[in-house]
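Residue numbers (numbering that gives the first Met the number 0): 0 to 289.
Below is one structure, written out as structure tokens; comments come after it.
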Amino acid sequence: MALRNAHVGGMKLAYVVAGIGEPVVFVHGIPTDYRAWNSQIEPFSSKYQVIAYSRRLAQPNQNSMDYEKSTIETNSADLVGLIEQLGISPVHLVGHSYGGFASAFCASTNPELIRTLTLIEPAVSTILLKNLKSKSEFLALFLAHPFVAISAAKFQRNSLDPSLKAFRQGDFDAALRFNLDGIMNRHGAFEKFPEPVRTMVKENERTVGELMAEVPVFGREEASKISAPTLLIHGTESPAVLHAIVDRLGKAIPKSEVSTISGAAHFPHFEKPQEFNQLVLGFLSKHSSY
0 MALRNAHVGG MKLAYVVAGI GEPVVFVHGI PTDYRAWNSQ IEPFSSKYQV
50 IAYSRRLAQP NQNSMDYEKS TIETNSADLV GLIEQLGISP VHLVGHSYGG
100 FASAFCASTN PELIRTLTLI EPAVSTILLK NLKSKSEFLA LFLAHPFVAI
150 SAAKFQRNSL DPSLKAFRQG DFDAALRFNL DGIMNRHGAF EKFPEPVRTM
200 VKENERTVGE LMAEVPVFGR EEASKISAPT LLIHGTESPA VLHAIVDRLG
250 KAIPKSEVST ISGAAHFPHF EKPQEFNQLV LGFLSKHSSY
């Protein structure tokens, strides 16, 4: 399967294409690239045209590593540009984590491009707190949902803060490991991945820097503008704060459903690929034109 390149808004985006049919576009999260979807390409391409691409800072792209400009908004614009350049709208859009937030933003602002939306533990932090630095908002969250607030504070203290501190000090390996331990909700997460995944995340360790970018407000109003049928997925083993994001989005997106994948944490598409593929293919089949 040949690797191709699209030039979108001054960015080079590597991607692969397989299959014939309604297009399904896969958008990876941090710290992965188009290879995150290796377990999906063959089963999905038997019925659909599959496009898996690497976001602007991911491998094997050689774009300027301008972390603070790799925002949700710019990644959404890249996605829109790719869809338009390939002439494939409307698409079934599948986004994970940071790529899930970019996908949700795209579906909210460009609904005409999206046939269905699948979000896997999307990192839409501002669905919980509009201002992530507001102590009063955090207190309100704590009073209403103490378990969620404690999970968010634990993630900030044990994963996000030390990860970005290590990143700013140039210790990208430590930044990667702090990040993975947090989103996988377990210590030593890197070592527990199979070798191909370890290689991929290690090669993309610098994309942890995207977490320094400011994120847009994406509350109930923005989520309600998503008109496409939407499947929200979370793993049973991931942090409670990620479950809360999925739950809040599920209540705000009009045509949405929520599913869990037992035994998976933050990467169900390669932790439990068989269960993931069955779930998403079943959802797509309900909303395909054939």
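From the three backbone atoms N, C-alpha and C, an ideal C-beta is built for every residue, glycine too.
Own chain residues within Cβ distance below 6 angstroms of residue i, not counting five before or after
i: W36; result: F25 and A51
i: F104; result: I71 and S75
i: P110; result: S226
i: L116; result: L92, A106, A227 and T229
i: T235; result: T259 and S261
i: H73; result: Note that residue 73 corresponds to Thr in the displayed sequence, not to His. Result list for T73: empty, nothing under 6 angstroms.
i: V279; result: T117
i: P161; result: F177
i: H265; result: E120, I182, M183 and S237
i: S38; result: F269 and P272
i: F282; result: L230
i: I311; result: Outside the modelled stretch of the chain, which goes from 0 to 289, sits residue 311, for which no answer is possible.
i: G20; result: K46, Y47 and Q48
i: I87; result: P22
i: H286; result: T115 and P228
Reference residue i; option with closest CA among the options
i: G80; options: P195, V240 and G8; result: G8
i: L2; options: N184, F269, G99 and N60; result: N60
i: S378; options: S135, A122 and G86; result: Outside the shown range of the chain, which is 0 to 289, sits residue 378, and nothing can be said about it.
i: R205; options: E67, R34, N4 and I40; result: E67
i: L112; options: R247, P22 and L278; result: P22
i: R167; options: R219, V90 and V207; result: V207
i: V214; options: S69, R55 and F43; result: S69
i: Y33; options: H95, I82, G86 and F217; result: H95
i: L118; options: G20, P145, H144 and G99; result: G99
i: S53; options: A5, H286, I252 and I87; result: A5
i: V49; options: V90, S135, S284 and F275; result: V90
i: I244; options: A148, P42 and E194; result: A148
i: P145; options: M211, Q273, F282 and L127; result: L127
i: S150; options: F275, L175 and S237; result: S237
i: L248; options: S288, P161, Q58 and S223; result: S223
i: Y47; options: A57, A251, R114 and D65; result: R114
i: Q58; options: V257, T31 and F269; result: T31
i: A212; options: K134, H242 and L56; result: L56
DSSP beta-bridge partners of residue i
i: R3; result: Y14
i: H95; result: I119
i: S255; result: T229
i: F25; result: A51 and V93
i: G234; result: I260
i: I113; result: V90
Cutoff 8 angstroms; reference residue i; Cβ partners in own chain excluding five residues on either side
i: S45; result: G18
i: S158; result: F177, N178, D180, G181 and I182
i: T125; result: L131, V214, P215, V216, F217 and G218
Burial state of residue i, where buried means 16 or more other Cβ atoms lie within 10 Å
i: E209; result: buried
i: R185; result: exposed
i: E120; result: buried
i: Q84; result: exposed
i: E220; result: exposed
i: Q277; result: exposed
i: E190; result: exposed
i: K271; result: buried
i: D298; result: Only positions 0 to 289 of the chain appear in this structure, which leaves residue 298 out of reach.
i: V240; result: buried
i: S63; result: exposed
i: R156; result: exposed
i: V16; result: buried
i: Q273; result: exposed
i: P253; result: exposed
i: P193; result: exposed
i: S255; result: buried
Own chain residues within Cβ distance below 7 angstroms of residue i, not counting five before or after
i: Y97; result: G28, I29, A122 and E209
Counting Cβ pairs closer than 8 angstroms, one from the segment 70-90 and one from the segment 2-18, do we hit at least three?
yes
Any contact of the segment 217-232 with the segment 187-203, i.e. 3+ C-beta pairs under 8 angstroms?
Taking 8 angstroms as the limit for Cβ pairs, the verdict is that the segment 187-203 does not touch the segment 217-232.
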